[in-house]
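*Asks:* Here it is, the structure in full.
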Amino acid sequence: MEKLATTAEVRTRMSRQKSRDTAVELALRKALHATGARYRVHRRPVKGVRREADIVFGPTRVAVFVDGCFWHGCPLHATWPKNNSEFWRAKIEGNRRRDADTDARLAAAGWSTVRVWEHEDADEAAVRVLAVVAARRAKPRPAADPH
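Okay, so the sequence shown: first residue is 42 according to the numbering used here, each after it adds one.
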């Protein structure tokens with residue numbers, strides 16, 4: 042008999058996991074907003090690239106992703122489940138590859154990405170995000186090609 046990728050119980054539990062507006066994401070947005078920063082939430086930074094950033098600073102082209110320690114394989118807190126370990130390792134490694142691909146695609150389009158782990162302090166993460174935004178704001182953008 043072929044081993045199932047997941048059980049019905051696991052699928053049900055995992056389908057209830059929030060993928061947006063998580064407590065960590067809301068705390069980061071609150072910390073950013075308190076500094077006067079303005080941004081968009083849950084947007085695709087680049088048309089044609091089916092990847093949605095959690096927080097987007099459009100004028101400076103900064104995309105922020107809030108990554109869960111389990112789902113994205115945090116080097117400090119990732120756990121490898123013992124049940125159905127091959128499935129979960131493939132799933133998490135796939136997420137890591139997709140994250141790297143997203144960063145590369147956005148960089149190729151002139152965007153900077155910031156990855157915030159769910160275990161990070163929201164105020165400290167906000168300082169880190171705002172430093173990237175400020176650095177991008179200070180840098181003049183190349184003129185558009187008139188041809």
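We put the beta carbon where it would ideally sit given N, CA and C, even for glycine.
From a predicted model like this one, the values you see are computed outputs, not experimental measurements.
Exposed or buried, A179, counting other C-beta atoms within 10 Å across all chains shown (16 or more means buried)?
*Replies:* exposed
*Asks:* Can you give me the C-alpha to C-alpha distance between V87 and L147, rounded to a whole angstrom?
*Replies:* 7 Å
*Asks:* Jot down the residue ranges of each uninterrupted beta strand (DSSP E) in the segment 63-115, minimum 3 residues, whole runs only, in chain order.
*Replies:* 81-84, 94-98 and 103-108
*Asks:* According to DSSP, is H188 helix, strand or coil?
*Replies:* Since pLDDT at H188 reaches only 49, below the 50 mark, its modelled position is unreliable, and no value is offered.
*Asks:* I want to know whether the segment 165-173 touches the segment 63-75 - three or more CB-CB distances under 8 Å.
*Replies:* yes
*Asks:* Is the Cβ-Cβ distance between F111 and T120 less than 8 Å?
*Replies:* yes
*Asks:* Please list, in chain order, all residues of the same chain as L171 whose beta carbon is under 8 Å from its beta carbon, the five residues on each side excluded.
*Replies:* L73, T76 and A78
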